[in-house]
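Enquirer: If you're matching positions, the sequence shown starts at 158 in this note's numbering and goes up one per residue.
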Amino acid sequence: MAERVVVTGGAGFIGTHSVDALMDDGAAVLVIDDMSHASTRALHASCDVVVADVEGEDARDAIGRFDPTAILHLAAQGGVNRSWREPTVDVRINVLGTVNVLQAARDAGCRVVLASSGGAVYGATDVLPAVEDTPPAPRSPYGVAKLSMETYLGMFARTGGPEGIALRYGNVYGPGQDGTGEAGVVAITCTRVLSRRPPRLRGDGAQTRDFVYVTDVAAANLFALRSAISGVMNIGTGVETSVREVIERICAIAEYHGDTEMVPLPPGEVRRSRLAVDLARTELAWQPRVALDDGLARTYAYFSDATGAQPSGQL
Ligand SMILES: NC(=O)c1ccc[n+]([C@@H]2O[C@H](COP(=O)([O-])OP(=O)(O)OC[C@H]3O[C@@H](n4cnc5c(N)ncnc54)[C@H](O)[C@@H]3O)[C@@H](O)[C@H]2O)c1
158 MAERVVVTGG AGFIGTHSVD ALMDDGAAVL VIDDMSHAST RALHASCDVV VADVEGEDAR
218 DAIGRFDPTA ILHLAAQGGV NRSWREPTVD VRINVLGTVN VLQAARDAGC RVVLASSGGA
278 VYGATDVLPA VEDTPPAPRS PYGVAKLSME TYLGMFARTG GPEGIALRYG NVYGPGQDGT
338 GEAGVVAITC TRVLSRRPPR LRGDGAQTRD FVYVTDVAAA NLFALRSAIS GVMNIGTGVE
398 TSVREVIERI CAIAEYHGDT EMVPLPPGEV RRSRLAVDLA RTELAWQPRV ALDDGLARTY
458 AYFSDATGAQ PSGQL
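1. Identify every residue that forms a DSSP beta bridge with residue 205.
2. Beta-carbon within less than 8 Å of residue 423's beta-carbon, same chain only, minus the 5 sequence neighbours each way: which residues are those?
3. In chain order, what are the residue ranges of uninterrupted alpha helix (DSSP H) at least 4 long that sit wholly in the segment 266 to 348?
4. If you compare alpha carbons, which of 317, 272, 338 and 199 is closest to residue 327?
5. Pairing CB atoms from the segment 332 to 348 with CB atoms from the segment 277 to 295, are three or more of them under 8 Å?
6. Shorter than 7 Å, the distance from the beta carbon of residue 191 to the closest heavy atom of ligand 1, or not?
7. Determine the contact status of residue 365 and residue 309, defining contact as a CB-CB distance below 8 Å.
8. Leaving aside the five residues before and after residue 101 along the sequence, list all residues of the same chain whose C-beta is less than 7 Å from its C-beta, in chain order.
9. Quick check: what's the CA-CA separation for residue 269 versus residue 243?
10. Can you list, in chain order, the residues of its chain with a C-beta nearer than 7 Å to that of residue 438? Leave out the 5 residues immediately preceding and following it.
11. By the DSSP assignment, the alpha helix (DSSP H) with residue 227 in it spans what residues?
12. Here's the rule I'm using: 16 or more other beta-carbon atoms within 10 Å means buried, otherwise exposed. How should residue 431 be labelled?
13. How should residue 403 be labelled, buried or exposed, when 16 other C-beta atoms within 10 angstroms of its C-beta is the threshold for buried?
14. Kindly provide the ranges of any beta strand (DSSP E) runs that are 3 or more residues long and lie completely inside the segment 396 to 461, ordered along the chain.
15. On the three-state DSSP scale, how would you describe residue 211?
16. DSSP puts residue 368 in a beta bridge; with which residues?
17. Quick one: what's got a C-beta closer than 7 Å to residue 265's C-beta in the same chain, skipping five residues either side?
18. Which partner residues does residue 388 have in the DSSP bridge list?
19. In this structure, does DSSP put residue 358 in helix, strand or coil?
20. Should residue 414 be listed as close to ligand 1, given that the test is whether its C-beta is under 7 Å from any heavy atom?
21. Which residue marks the beginning of the beta strand (DSSP E) containing residue 198, and which one marks its end?
22. Ligand 1 and residue 322: does the residue's C-beta get closer than 7 Å to at least one heavy atom of that ligand?
23. Would you decide whether residue 203 is buried or exposed? Buried here means 16 or more other CB atoms lie within 10 Å of its CB.
24. Any heavy atom of ligand 1 closer than 7 Å to the beta-carbon of residue 201?
25. Counting only the same chain and skipping the five closest in sequence on each side, list residues whose C-beta sits under 6 Å from that of residue 306.
26. Comparing C-alpha positions only, which one of 205, 415 and 325 sits nearest to residue 184?
27. Considering only heavy atoms of ligand 1, does any lie closer than 7 Å to the CB of residue 337?
28. On the CB-based measure, 16 or more other CB atoms within 10 Å of its CB, does residue 191 come out buried or exposed?
29. Ligand 1 heavy atoms versus the CB of residue 165: any closer than 7 Å?
30. Strictly by DSSP, which residues pair up with residue 162?
31. Anyone know if the C-beta pair for residue 317 and residue 249 falls short of 8 Å?
32. 8 Å is my cut-off, CB to CB: does residue 266 come that close to chain B?
33. Given that a residue counts as buried once 16 or more other Cβ atoms are within 10 Å of its Cβ, and exposed if not, what is residue 212?
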């Protein structure tokens, strides 16, 4: 049977890379996206697109008409800070939107892969690297929404479908991420340095994250769509890197030798994050392939090409 995949949020950062990977591998793809936070990276020219709110009937109808073999559900309100400012908006998009997609998948009789978040679901755990059965302890409305998505998926799977898996990503970075928002330190730092503004460091910068390159995440999405595995699974590198180190490495690539802007750490920020990825290695035969230095260089090159800027040098 030919592979037909709906990608919700397919016009977003992880979405455009996932659509490319799917289409380059022969799948037919329908993107459902309301374009509220579309990436600067172009969508694959040959995919079908329906502009719709993932929580509405139009999205369900479009899924029904496309008759997918699987759904990759990426559409989300992805900002932790925004989830605090507008928690009910976060619930509407991230929880109700997911339930709508799960219902459509049940009607279509197809598999689903959901985008969850390791950092947001595990919270400030002492278990490092965090394994999948670490007790969830979200510290934001966004984290609660991600955990709810996973719980709904489990409930649907136990009661007639759809079957599927929630992938708990680490800190995804790479070309096409929004460098103007509140999240995504790699994209934000590239954007700031290229526009001749100092990089911004929150707190002492010793907080660590599991940085995973976006094409590795897109590959994991593909493997997960094609597997029969259910439940939850981490997708990261198993390596923790401090935010300060990432900023310093980008500055070295950019040949930036100017000041750094220091701002306070937001309350509740997780100090350390690192994901165990043994399950993905054994069950999906997936492993991250892009090392951090390589990924940062590729990301900086993307932003540099997009702005037509030269290395920033001394401010
Ligand atoms: N980027 C990360 O580091 C990271 C980490 C963990 C989990 N995730 C999850 O991965 C998924 C994709 O993240 P991303 O970084 O590509 O985000 P993104 O914001 O770049 O992409 C999300 C896409 O969803 C669309 N969208 C938003 N609300 C919508 C709605 N109501 N209806 C239809 N479309 C809507 C946006 O227009 C955008 O194209 C999200 O579920 C996010 O929570 C991302």
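The C-beta atom is built at its ideal place from N, Cα and C for all residues, glycine as well.
Expert: From the atom records:
1. Position 48 of the sequence shown, counting from 1, holds the residue named residue 205. Paired residues: 187.
2. Stepping through the sequence shown from its first residue, residue 423 is reached at position 266. Contacts found: 238 and 359.
3. Every unbroken stretch of the alpha helix (DSSP H) spanning 4 or more residues and falling wholly within the segment 266 to 348 is given here in chain order: 275 to 279 and 298 to 315.
4. Along the sequence shown, read from residue 1 onward, the residue named residue 327 stands at position 170. Residue 327 has its Cα closest to that of 272, out of 317, 272, 338 and 199.
5. Because the criterion of three Cβ pairs below 8 Å is not met, the segment 332 to 348 and the segment 277 to 295 do not touch.
6. Taking the first residue of the sequence shown as position 1, residue 191 is located at position 34. Yes, the beta carbon of residue 191 sits closer than 7 Å to at least one heavy atom of ligand 1.
7. Counting from 1 along the sequence shown, the entry for residue 365 is found at position 208. Counting from 1 along the sequence shown, the entry for residue 309 is found at position 152. Not in contact: residue 365 and residue 309 (Cβ atoms no closer than 8 Å).
8. Because the chain is modelled from 158 through 472, residue 101 falls outside the range shown and cannot be assessed.
9. Your numbering for residue 269 matches position 112 in the sequence shown. Your numbering for residue 243 matches position 86 in the sequence shown. Near 27 Å, if we compare the C-alpha coordinates of residue 243 and residue 269.
10. Working through the sequence shown from its first residue, we reach residue 438 at position 281. Excluding positions up to five away in sequence, the list reads 444.
11. Start at 1 with the first residue of the sequence shown, and residue 227 comes out as number 70. Unbroken run through residue 227 is the beta strand (DSSP E), 227 to 230; no alpha helix (DSSP H).
12. Here residue 431 refers to the residue found at position 274 when the sequence shown is read from its first residue. Residue 431 sits buried, since 16 or more C-beta atoms from the chains shown fall within 10 Å of its C-beta.
13. The count along the sequence shown starts at 1 and reaches residue 403 at position 246. With 16 or more Cβ atoms within 10 Å of its Cβ, residue 403 is classed as buried.
14. 418 to 420
15. Taking the first residue of the sequence shown as 1, we reach residue 211 at position 54. Residue 211: coil per DSSP, three-state reduction.
16. In the sequence shown, the residue the question calls residue 368 occupies position 211. DSSP lists 328 as partners of residue 368.
17. Taking the sequence shown and counting its residues from 1, the one referred to as residue 265 is at position 108. So the qualifying residues of the chain are 220, 221, 224 and 225.
18. Here the question's residue 388 lines up with position 231 in the sequence shown. 322.
19. As a first step, residue 358 must be located in the sequence shown, where it is residue number 201. It is a strand residue.
20. Counting from one through the sequence shown, the residue named residue 414 turns up at place 257. Because no heavy atom of ligand 1 lies under 7 Å away, the Cβ of residue 414 does not count as near it: no.
21. Along the sequence shown, one-based indexing puts residue 198 at 41. Where residue 198 is concerned, there is no enclosing beta strand (DSSP E), given that its DSSP letter is neither H nor E.
22. In the sequence shown, counting from the first residue as 1, residue 322 sits at position 165. Checking the Cβ of residue 322 against ligand 1 gives no.
23. Numbered from 1 along the sequence shown, position 46 holds the residue referred to as residue 203. Result: exposed.
24. Start at 1 with the first residue of the sequence shown, and residue 201 comes out as number 44. For ligand 1, not one heavy atom lies less than 7 Å from the Cβ of residue 201.
25. By one-based count along the sequence shown, residue 306 stands at place 149. Correct list, in chain order: 255 and 271.
26. Start at 1 with the first residue of the sequence shown, and residue 184 comes out as number 27. Of 205, 415 and 325, the residue nearest in Cα terms is 205.
27. In the sequence shown, counting from the first residue as 1, residue 337 sits at position 180. For ligand 1, not one heavy atom lies less than 7 Å from the Cβ of residue 337.
28. Within the sequence shown, numbered from 1, the residue matching residue 191 stands at position 34. Buried.
29. Counting from one through the sequence shown, the residue named residue 165 turns up at place 8. Yes, since a heavy atom of ligand 1 falls inside the 7 Å radius drawn around the Cβ of residue 165.
30. Locating residue 162 in the sequence shown gives position 5, where the first residue counts as 1. Paired residues: 186 and 227.
31. Taking the first residue of the sequence shown as 1, we reach residue 317 at position 160. Taking the first residue of the sequence shown as 1, we reach residue 249 at position 92. No, the pair does not count as a contact, with Cβ atoms beyond the cut-off.
32. You won't find chain B in this structure, because it holds only one protein chain.
33. Mapped onto the sequence shown, residue 212 falls at position 55. Its Cβ being crowded by 16 or more others within 10 Å, residue 212 is buried.
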